[in-house]
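Residue numbers (mature numbering (1 follows the signal peptide of the UniProt record, and there is no 0)): -25 to -1, 1 to 1114.
Rendered as structure tokens:
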């Protein structure tokens, strides 16, 4: 790591004191780790043009801060709002230090230590980060996956300090966790005492005893049983090239943050028959290995037996409980031979030694690693150990720290290894561990030497991992899922070889009928290199198959990053570039394999490999064509004479091409990019002219297409910039093509002048002045794509190197487009520097775009996690005008573990906004009664939130019919034919529409004289949408009454009865009957006379009934809403015929 490079410079401050003691003790610089990613030799043969010519050119230009003054910096103040973007499946990032801390000293070059504890006693884990200059930063946790901004505490010796390890312990026994760090350069301990609320006192320093030498590593632990943490450290004195003395020293703690000078009994010396180097990290461990309640000790030693041979040893001794120990060097549970990889120095790559119970027997075991082997010696509980067993530990490159915890819930400790990647080794419960699964190794900014910590940061009861990156100075929180996996961006490898540096991603594309993005890799194996296609299952998992039956082409230089289907079968094909200027096409077979490569027949006289090509339909025949730039023979040092220019190869639609046509252009053409720049419907070509040989004349050229495969003379768009990547898109939403460039430097300057250039087009082949984004950063690879589905192109780029600190840009960068030619601040995803080749695709089938990159330590996959499906439903697909329609938009996350979506949902009728509603628990509803009569195509748009991208629903069709009158009135039957004197009956139906309710009065009219009409009941009460029945009665007789002064009714009645009986007398047929009738008649006559006398001359009423004669007429029935209603009356008629 970079901070290691400063050890020598910082040691110069103390050089005189060190030299004075050199005869008896040597202050040993800790072993350094290379920052350059290791590349297997077999893969070094395959180089892209950027690796062949661009990187060597840039390395010849030292980094310095300068500006060309020829561009307009993007105005950050013009940002109105950042578009919603759900980001990627990865660990969230938090600044590990404050910006102010950068000003504290010339030696401040990074962070070194990460610790976790509950510093403010709120029951939630917090994090402390120490910088190498001794600055301490505290990030308080909120218990729900978040950390506060860091608060810094400074070290008074920051100008000379080098703090490389530290501990979180309660130094003064007040119940609060303090922090103590070891300052390697000044041989001091720096202590910050906790004030009880997560804040700390000013740093206090304690000078270490250097009587016997200078420690490389200090452990803080209470070893004398007084409840006060002590200091334990080792030192070495070289006696000869083959012998050394080692001292173990204890400085007892005073309980106030300071420590006592050790007594003679607290210093132990033992000899080793070898030259010795003591580890700088975790070189000492303590634990009770014989179950006597006293802490015992283990010490790791790098023993050098000769210039090229040695051994790594762990020795243990039992503790006496008073801060002294038995003799070291007699019990050696681990001893591993070590050799030199270069013939000059012996390799000792180790994270140190630990005591941990690996087999769940209640007895502490020894765990350590050396040069890619994990060693475990199982404790017997009496201070002795079984023979050490080993597990392969080389999958994680550059491991700096390892911790143990049960991450998959099986009760067995698993191993978490932090290095240039982060990996999980599942424990077998016997001291051995399985290699990381393909889903359990993650991309990181390479880990510092004490840069991983375990705690439950999100409060779900499952251990999480906090990882501290050395380059970007960020804390990344990797959340555990309880299944032995973490929430992070995975490294893409195969189960047969999980070591990322063996894998080089060349290109991605849709090589099968699944529609998912696959990838083609070059894989280093024992016998050389194989080419494998990773066939994607739509969930980011890959099955690897051999790409070509005959293996890797013998002359392969690199695979072009082209997405093209050359034979029209719907599957993308591969374009291979050979070392001697040849280009071949391998057609996809649809299963991840490809047909044998076929040459496109470029001239055999080319001396150099061709550069970055482009594919598209140049002549409008529906077939894919090729444009291949050639930098000229001078580009590779040949004097053969072929000049710079480009070849046009018109496709035949079957994977073959017409004879290449060459156009001489530029000085050293580096790349070709196709797009319709002037809006005429014909592809134009943007050429990157990069004269690496001469070092001057860098320019971007535009040649407009003629639509027949030929182009006009090129015009210069931009001069004096070395450009590595060109992308074309409409970044300001004006319908005109714009250009985005990854510019590495201004010609004649350094990469400090580089960045991303945006050049907006006028639609006619001319452009506006360029604007600069991310100045001072070298992006190696860039693409334009709409990553958050808001309709605006975004920038995706990978950072290769950067100009100093602090960094605003980390790893894989996404700049969200605002649609006006500007872009937001970066959304950063951690990966190592030296990352390249961002490939946007559909690697996880969830409606969000994903990105695969090639990091310095293997391929990485960043799965877009902001996807969702927006479904729109209507309460009814058809309704009448004026009725309420409830629209429900349901937002379903594309990844099931995502939180419930929130945010604004807008509802549209075509392009007309109906209204908006906020989503709650993933759903939003809106009710409207304003839809017009007709058929409506209604959609919903989701604006997204911090976790989800915007989304649009499919249309939902709603049919609105015309609104019926408020009332409807019908009569059944509508015609009546009745006999004179009879009554007619009609059934009335009164119905309300969806909006009317209330009382309705019913009446009839139109009946002529001698007829009647009545409605029963005379009123009904209706609810909206309901109906009621009534009866119409039509009568055809009329009753009349007359008044007279004659006999009363009694007389009339009597007379009538008498008359009837008289008839019976005269007309009765039977004699006896006539006799009875006659007798009755006499009685009736007598009664009639009596009643008539009683009348005394009063008047009497006479009734007359008149039947309607034959006629026809129409009766009208009216339904009238009660007063207060605005509804109109309704009528119906009944035609009546009286016979």
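For every residue, glycine included, the Cβ atom is placed at its ideal position computed from N, Cα and C. None of the values given here were measured: they were computed from a predicted structure.
Helix, strand or coil at residue i according to DSSP, with G and I counted as helix
i: residue 463; result: coil
i: residue 204; result: coil
i: residue 150; result: coil
i: residue 993; result: coil
i: residue 1011; result: coil
i: residue 1142; result: Shown here, the chain extends from -25 to 1114; a query on residue 1142 therefore has no answer.
i: residue 283; result: coil
i: residue 1073; result: The predicted position of residue 1073 is uncertain, since its pLDDT is 46 and thus under 50; no value can be drawn from it.
i: residue 240; result: helix
i: residue 74; result: helix
i: residue 39; result: Confidence in residue 39 is poor, its pLDDT being 45 and thus under 50, which makes the residue's placement too unreliable to answer from.
i: residue 27; result: helix
i: residue 390; result: strand
i: residue 609; result: helix
i: residue 541; result: coil
i: residue 300; result: strand
i: residue 754; result: strand
i: residue 274; result: strand
Cβ-Cβ distance between residue i and residue j below 8 Å
i: residue 347; j: residue 319; result: no
i: residue 663; j: residue 645; result: yes
i: residue 987; j: residue 1010; result: yes
i: residue 577; j: residue 625; result: no
i: residue 401; j: residue 409; result: yes
i: residue 288; j: residue 309; result: yes
i: residue 1118; j: residue 350; result: Residue 1118 cannot be examined here, being either before or after the span of the chain that is shown, -25 to 1114.
i: residue 277; j: residue 242; result: no
i: residue 620; j: residue 632; result: no
i: residue 152; j: residue 141; result: no
i: residue 693; j: residue 675; result: yes
i: residue 258; j: residue 191; result: yes
i: residue 730; j: residue 749; result: yes
i: residue 1147; j: residue 982; result: What the structure shows of the chain is the stretch from -25 to 1114, and residue 1147 is not part of that stretch, so it cannot be assessed.
i: residue 791; j: residue 21; result: no
i: residue 136; j: residue 109; result: yes
i: residue 244; j: residue 370; result: no
i: residue 395; j: residue 411; result: no
i: residue 581; j: residue 606; result: no
Integer-rounded CB distance, given that residue j should sit under 8 Å from residue i
i: residue 1086; j: residue 980; result: Going by Cβ atoms, the distance from residue 1086 to residue 980 rounds to 17 Å, so no, they are not a contact pair.
i: residue 959; j: residue 1111; result: 6 Å
i: residue 794; j: residue 924; result: Wrong, their Cβ atoms sit about 15 Å apart, outside the cutoff.
i: residue 193; j: residue 260; result: Wrong, their Cβ atoms sit about 13 Å apart, outside the cutoff.
i: residue 406; j: residue 423; result: Wrong, their Cβ atoms sit about 27 Å apart, outside the cutoff.
i: residue 339; j: residue 262; result: 5 Å
i: residue 604; j: residue 587; result: 7 Å
i: residue 529; j: residue 506; result: Actually they do not touch by this definition, with Cβ atoms about 12 Å apart.
i: residue 768; j: residue 704; result: 4 Å
Outcome for residue i when other beta-carbon atoms lying within 10 angstroms are tallied against a minimum of 16
i: residue 1001; result: exposed
i: residue 921; result: exposed
i: residue 488; result: exposed
i: residue 910; result: exposed
i: residue 1121; result: Limits of the chain in this structure are -25 at one end and 1114 at the other, which puts residue 1121 out of reach.
i: residue 914; result: buried
i: residue 733; result: buried
Exercise. Scan the stretch 562 to 598 and note each continuous beta strand (DSSP E) run of 3 residues or more that stays entirely inside, going in chain order.
Key: Counting only runs that start and end inside the stretch 562 to 598, the beta strand (DSSP E) elements of at least 3 residues fall at 589 to 591.
Practice problem: Could you tell me which uninterrupted beta strand (DSSP E) segments, each at least 3 residues in length, are contained entirely in the stretch 482 to 521, listed from first to last along the chain? | Solution: 493 to 500, 503 to 511 and 517 to 521
Self-check item: Completely contained beta strand (DSSP E) runs for the stretch 663 to 750, where each covers 3 or more residues
Solution: 674 to 678, 690 to 694, 696 to 704, 713 to 721, 730 to 734 and 746 to 748
Quiz prompt | Every unbroken beta strand (DSSP E) within the stretch 630 to 657, with a cutoff of 3 residues, ordered by chain | solution = 636 to 639 and 644 to 650
Self-check item: Those runs of the beta strand (DSSP E) which lie wholly inside the stretch 351 to 429 and span at least 3 residues
Solution: Assignment of beta strand (DSSP E) within the stretch 351 to 429, counting only whole runs of 3 or more residues, yields 364 to 367, 376 to 380, 389 to 393, 396 to 400 and 416 to 418 in chain order.
Exercise. Could you tell me which uninterrupted beta strand (DSSP E) segments, each at least 3 residues in length, are contained entirely in the stretch 921 to 996, listed from first to last along the chain?
Key: 931 to 936, 942 to 947, 950 to 953, 958 to 967, 973 to 980 and 987 to 991
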